[in-house]
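Structure record follows, encoded as structure tokens.
2 protein chains.
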Amino acid sequence: MSQPFSSLRVDPDRMRESFNQLASIGVTADSGVDRPTFSDAHLAARKWFREHIEKSSLEFHTDGAGNHSAVLPVIARSDSPEAMTKTLILGSHLDSVPNGGRFDGALGVMAALEVLKTVRENGIRLNVHLEAMDFTDEEGTLVGLLGSAALAGHLTQENLQKPRGGRDKLVEGMNRAGLSDSSMLSAARKKESLAGYLELHIEQGKRLERTKTDIGIVTAIVGIWSYRLSFIGKADHAGSTTMEDRRDASLGASAFTLAAREMVMRDFPNCVVNVGNMDFAPGAFNIVPAQVDVSLEFRSPDEDEFNHLDKALLELAAKESACFGLELKTEFLGKHSPSLMDEKVRSAFAESCDALGLSHMSLPSGAGHDGQSLADLCPVGMIFVPSVDGASHSPREFTKWEDCVNGANVLLQAALRLAM
Amino acid sequence: MSQPFSSLRVDPDRMRESFNQLASIGVTADSGVDRPTFSDAHLAARKWFREHIEKSSLEFHTDGAGNHSAVLPVIARSDSPEAMTKTLILGSHLDSVPNGGRFDGALGVMAALEVLKTVRENGIRLNVHLEAMDFTDEEGTLVGLLGSAALAGHLTQENLQKPRGGRDKLVEGMNRAGLSDSSMLSAARKKESLAGYLELHIEQGKRLERTKTDIGIVTAIVGIWSYRLSFIGKADHAGSTTMEDRRDASLGASAFTLAAREMVMRDFPNCVVNVGNMDFAPGAFNIVPAQVDVSLEFRSPDEDEFNHLDKALLELAAKESACFGLELKTEFLGKHSPSLMDEKVRSAFAESCDALGLSHMSLPSGAGHDGQSLADLCPVGMIFVPSVDGASHSPREFTKWEDCVNGANVLLQAALRLAM
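So the sequence lines, in the order shown, correspond to chains B and X. Residues in the first sequence are numbered consecutively from 1, following the numbering used here. Residues in the second sequence are numbered consecutively from 1001, following the numbering used here.
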């Protein structure tokens, strides 16, 4: 039995016109966009989005966290008292990293808006309100996942006092947008009001491109654990100390870096590991390194696997350290748990792909997204469309328009499946 | 046939008293000494040395580089016109690294002075003047090997304009000691005036201690070559980029560090290599390292071996770089050539050890010493005495007094062999 409205499609030309108008705001010389949160260009993009919504007969909504959205309320039905109606949010973000690309975030917001327009103009009666959302500061110029955390009620005073970008920058940004600490904390919505959250995003990797797959259905947004590992040896004269007599901290750090990569590739194929920095002390040409501090981060889509990987990496560090006569100190720096995407939402995406004749595959998201803020409140799902050469956070970001339209149609069809 | 004066010995108690007086100047809480060049403590040690010489009926001498020495001139002999008489210098230095030890440098100066006293009081007629030297700034608080380079005529205006410790510090130091750029450059001696240079020093390593050998006869002061090696990959998102898709600069740097050590230990047993620092860019937990700059230094006592080692290390860096899909840039930062110790001087040391019933072994000096300034002007030789646990540049420096006396007697006997 076919779904109702299964022949419904977004208007690719209308969506493209909106996408191009948006991409011109904060455009850079190399056709990327530079719209860090609450920069002039970002404020201009937000103003354009608001005016665009108001012109399109959708309701404009904003909150104390500066989240902007278009709302398509349920058309009153006799069998569904409005007081109990939930909202299905579709969306992404309009901010970018410095000198970023046109697609990251912007595609998801424009596709969400196009879905609402398509539903509205076809007069479809749904059981939930639809909302096309631009979440504030997803990229973390100020805090990171700021708007979604505020909406989910996860934002704390401490987040605002010690933001990743520095308190001064946050205060300046909030002032520019007419926001404040207290307005931020007032943006929380009731869990009972949320029917779910769906997001379309470009893949930040090459798996779809490499396998020639149209749509990636996200299984989980990976969690992140991080450590500072200190390999500790002894500073010695690098001329007069024989090779055999050294306790060279660089050897443990180097051996761990190589072995951790090999182990993850061999035993933890769903995970990634990164040694992003090493800090040598004393760090002189002519002194055997006494201590090397390693910045270690690893990601997994699964909590159980995290525990295994954590144990394996720390054992490996201890083994390599002992192998070179070094001492090891480990400092746990914190973790974000993985966010599982909702099974029912994943099924709705998969069925929509099948109905549209689009190939699809399941894959984790290695990067963080606003959905992780909401995953413990309501059903959350994400889809990816292919990004040429896996480019992301770069002016080189490019996704073929056909793929963008495919993504928007899957978003539309999945939303209809979940909203009826 | 035994040498004349082969039964001559230094006075161990007199030498010890001088040594202990000197060790009390700039003494630290943990019984080390803190006498960086031209610090108050260093100036006090220099004043003590001058007064000590003047009280001992030796001639005090100084030059424009602040080198201080005791001179024992040849007793006029009818068959040796004074105009042609050369000088055999024995010595070391009274400056220390910050929070250094009592033996490094000080032992060599005190032993040299004791040799002169012993020769003088025995009325021995030599063919050369003897000079017990304290060279300025051996350790490099200001320039490094400053006094010996000045005496050898190797010091340049550029050395003084861009000194390792900074120009301001050098100017301040020279002012404190009543010296200037022009006085420094005036300290050069004529090559024809130099009969040779002998130095007694503690070993800065454990080879004598480990092999229970009394005296190390230095074959060469090793040369040093240094490079900055840049392993260049690509910055990528450390979450969304698969392990397979990364071009992680840390992998080339780590693999090179491990392999260089193994290669040197296996194929270049006379050499040492040190990766003293790595500098990661961008250096963030969540970004795959795009570039790692490696501070590489290697040392060899032999110029030919240097050329082979240089080639092997650069080939290794290129191989490891290619292995991980990286680009390699190499920047040669300079070299000091190895200084071969004079064969005749080495023989004089060996014969003296044999005559004194002391075991000896040949070994290179992995650290730099003033002898390298003089090795192209005159015969130069060095001996080491054992240092407990190989400690050097540390308050833990300790050499048994018996070993110090052995060293002084070898210095005395070798000087007699070379001066008659």
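We treat Cβ as the ideally placed atom computed from N, Cα and C, and that holds for glycine.
Suppose the cutoff is 7 Å on Cβ atoms and the five residues either side in sequence are ignored; what does the same chain contact list for residue i look like?
i	result
B:H336	G223 and I224
B:I53	F60 and A70
X:Q1161	R1167
B:K169	L142
So, is the C-beta of residue i closer than 7 Å to a C-beta in chain X?
i	result
B:L200	no
B:S250	yes
B:A260	no
B:Q372	no
B:A45	no
B:M382	no
B:S226	yes
B:N483	Nothing in the structure corresponds to residue 483 of chain B, since chain B is present only between 1 and 420.
B:A238	yes
B:T213	no
B:F19	no
B:S254	yes
B:A367	yes
B:P12	no
B:G178	no
Please work out which residues of its chain come closer than 6 Å, Cβ to Cβ, to residue i, disregarding the five sequence neighbours upstream and downstream, and give them in chain order.
i	result
X:S1006	A1355
B:D279	D293
X:H1393	V1097 and G1100
X:G1026	V1033, D1034, R1035 and A1041
X:G1252	F1231, E1320, S1321, F1324 and L1326
X:V1388	F1398
B:K206	G390
X:T1257	V1275
Pick from the options: whose alpha carbon is nearest that of residue i?
i	options	result
X:A1065	X:K1055, X:V1294 and X:G1173	X:G1173
B:H129	B:R247, B:E59, B:L170 and B:H93	B:E59
X:R1189	X:K1169, X:L1088, X:D1168 and X:G1239	X:L1088
X:M1382	X:F1103, X:P1289 and X:A1414	X:A1414
X:D1245	X:A1253, X:R1167 and X:D1236	X:D1236
B:L412	B:C378, B:L377, B:D181 and B:V119	B:V119
X:L1314	X:L1008, X:H1201 and X:K1329	X:K1329
X:S1347	X:M1184, X:V1171 and X:V1380	X:V1380
X:K1218	X:N1020, X:H1360 and X:G1153	Looking at the sequence shown, residue 1218 of chain X is not Lys but Val. Nearest of X:N1020, X:H1360 and X:G1153 to X:V1218, Cα basis: X:H1360.
X:F1019	X:H1093, X:S1039 and X:P1004	X:H1093
X:D1376	X:L1008, X:N1067, X:M1184 and X:K1191	X:K1191
For residue i, which residues of its own chain have a beta-carbon under 8 Å away from its beta-carbon, when the five flanking residues on both sides are left out?
i	result
X:A1220	P1301, D1302, P1338, S1339, L1340, M1341, P1364 and S1365
X:A1312	M1263, D1267 and F1268
B:E402	none
B:T37	D95, T136, D137, E139, T141, L142, L146 and G173
X:V1074	S1080, E1082, T1085, R1125, L1126, N1127, V1128 and H1129
Below 8 Å on the Cβ atoms is my guess for residue i versus residue j; work out the distance and round it to an integer in Å.
i	j	result
X:N1277	B:G283	4 Å
X:L1145	X:G1165	Contact flag wrong, Cβ pair sits at about 13 Å.
X:A1317	X:N1286	Rounded, the Cβ-Cβ distance is 27 Å, inconsistent with contact.
B:F231	B:S321	6 Å
X:A1132	X:G1091	6 Å
X:A1408	X:A1111	4 Å
X:I1215	X:V1010	No, X:I1215 and X:V1010 are not in contact; Cβ-Cβ is about 15 Å, not under 8 Å.
B:G63	B:A152	Sequence inspection shows Asp at residue 63 of chain B; the Gly mentioned does not correspond to that position. Rounded, the Cβ-Cβ distance is 12 Å, inconsistent with contact.
B:V260	B:V273	As written in the sequence, residue 260 of chain B is Ala, which differs from the Val given in the question. At roughly 5 Å, the Cβ-Cβ gap stays under 8 Å, so B:A260 and B:V273 are in contact.
X:R1417	X:L1333	Going by Cβ atoms, the distance from X:R1417 to X:L1333 rounds to 41 Å, so no, they are not a contact pair.
X:H1369	X:E1121	The pair is not a contact, with the Cβ atoms about 29 Å apart (cut-off 8 Å).
At the 7 Å Cβ level, is residue i part of the contact set with chain B, yes or no?
i	result
X:G1283	yes
X:A1318	no
X:E1297	yes
X:H1308	no
X:S1186	no
X:M1110	no
X:I1287	yes
X:Q1204	yes
X:S1337	no
Please check if any C-beta of chain A sits within less than 7 Å of the C-beta of residue i.
i	result
X:G1140	Of the protein chains in this structure, namely B and X, none is chain A.
Practice problem: Any chance you could list the alpha helix (DSSP H) runs of at least 4 consecutive residues sitting entirely within the segment 218-286 of chain B, in chain order? | Solution: 249-267
Quiz item: Mind pulling the beta strand (DSSP E) runs of 3 or more residues that sit fully within the segment 1106-1137 of chain X?
Solution: 1129-1134
Self-check item: Every unbroken alpha helix (DSSP H) inside the segment 1296-1351 of chain X [4 residues or more]
Solution: 1303-1323
Quiz prompt | Contained alpha helix (DSSP H) runs [length at least 4] in the segment 1023-1104 of chain X, N- to C-terminal order | solution = 1040-1055
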